[in-house]
Amino acid sequence: KAGVTQTPRYLIKTRGQQVTLSCSPISGHRSVSWYQQTPGQGLQFLFEYFSETQRNKGNFPGRFSGRQFSNSRSEMNVSTLELGDSALYLCASSPGQPTDTQYFGPGTRLTVL
Amino acid sequence: AQSVTQLDSQVPVFEEAPVELRCNYSSSVSVYLFWYVQYPNQGLQLLLKYLSGSTLVKGINGFEAEFNKSQTSFHLRKPSVHISDTAEYFCAVTRGSQGNLIFGKGTKLSVKP
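Note that the protein sequences, when read in sequence, are chains A and B.
Each position in the first sequence, counted from 1, maps to that position plus 4 in this note's numbering.
Each position in the second sequence, counted from 1, maps to that position plus 399 in this note's numbering.
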């Protein structure tokens, strides 16, 4: 089975712009979760989508949003970028139960200038 | 609220020596416990997980962890490390009803020849 893929791998934006990141889960997985990784805050949960519905949400401002399509692919959008949004954004897919292993993609490295 | 504490941010060790990476969690409800590894410029890979049953869990690459409910700990061990084990290791929990991972700050393992 192909693993979780994320595009693009690297992205450079300027403050105030918006960005869309994409995640393709492992075939058959219905849950996609997004995490932000920074040196200061570590790994933080953004949100989870299951069968096209947001099922769980972390403590991030409304500038961070996402969606999931019928084929389980997911996108994450960040509007009005701030310098502090520079991070590695990881997505993970799983069948959908809390006991299931989450499989991570390689991440998208976002740099905001 | 629940949290995960990794007591050591960096652990240097010589090749073929044993290593223990410590993890403590706090939660008022039952949790599931995970250890993930992150190699440079890559996503996270599951090493092992504890769901229930035997408190000693064996994972990939010769790693094992022991769940200790009374001490709320889930320490990761390997009897003999290799240069290739140099990476960052993350302990994480999920709560019974929700699948989002709550991560510790990570421990950087550096294996020296």
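Even glycine gets a Cβ: it sits at the ideal position worked out from N, Cα and C.
Exercise for review: Say whether the stretch 32-41 of chain A touches the stretch 417-430 of chain B, bearing in mind that this needs 3 or more beta-carbon pairs closer than 8 Å, one atom from each stretch.
Suggested key: Contact fails between the stretch 32-41 of chain A and the stretch 417-430 of chain B, because fewer than three Cβ pairs, one in each stretch, are under 8 Å apart.
Check your understanding: Between A:K17, A:T84 and A:G7, which lies nearest to A:P65 when the distance is taken from Cα to Cα?
Key -> Measuring from the Cα of A:P65, the nearest candidate turns out to be A:T84.
Exercise for review: Could you please give me the residues that DSSP links to A:G111 through a beta bridge?
Suggested key: Paired residues: none, contrary to the question.
Practice item. Measure from the C-beta of A:L94 to each C-beta in chain B and report whether the shortest distance is under 9 Å. Key: For A:L94, the answer is yes, since a Cβ of chain B falls inside 9 Å of its Cβ.
Check your understanding: Checking contacts by CB at 9 Å: is B:N499 closer than that to chain A?
Key -> Answer yes: the Cβ-Cβ gap between B:N499 and chain A drops below 9 Å somewhere.
Review point. Can you list the residues of chain B that A:Q106 reaches, using a CB-CB cut of under 7 Å?
Key: Under the 7 Å cutoff, chain B gives L500.
Exercise for review: Could you please give the first and the last residue of the uninterrupted beta strand (DSSP E) stretch that includes A:D87?
Suggested key: The residue asked about is misnamed: residue 87 of chain A is Leu in this sequence, not Asp. Under the DSSP assignment, A:L87 falls outside any beta strand (DSSP E); it carries neither an H nor an E label.
Review point. Are the CB atoms of B:K457 and B:W434 nearer to each other than 9 Å?
Key: No. Outside cutoff.
Review point. Just the Cα atoms here: how many angstroms apart are B:P512 and B:F413?
Key: The alpha-carbon atoms of B:P512 and B:F413 are separated by roughly 6 Å.
Review point. According to the neighbour-count rule (16 or more other Cβ atoms, all chains shown, within 10 Å of its Cβ), is A:P29 buried or exposed?
Key: By the neighbour-count criterion, in which 16 or more other beta carbons inside 10 Å mark a residue as buried, A:P29 falls on the buried side.
Practice item. State the DSSP-derived secondary structure class of B:S509, mapped to helix, strand or coil. Key: Looking at B:S509 - three-state DSSP - the assignment turns out to be strand.
Check your understanding: List, in order along the chain, the chain A residues whose C-beta lies closer than 8 Å to that of B:L475?
Key -> For the C-beta of B:L475, not a single chain A residue is nearer than 8 Å; the gap to the nearest is close to 16 Å.
Check your understanding: Any chance the CB of A:F108 is under 8 Å from a heavy atom of the ligand FAD?
Key -> Ligands displayed in this structure: none; no statement on the ligand FAD is therefore possible.
Exercise for review: Starting from the C-beta of A:Y93, find all residues in its chain whose C-beta is less than 7 Å away, skip the five residues before and the five after it, and write them out in chain order.
Suggested key: L25, W38, Q40, M80, G111, T112 and L114.
Point to revise | Contacts that B:T493 makes with chain A (C-beta to C-beta distance below 7 Å) | key: What B:T493 touches in chain A: P102.
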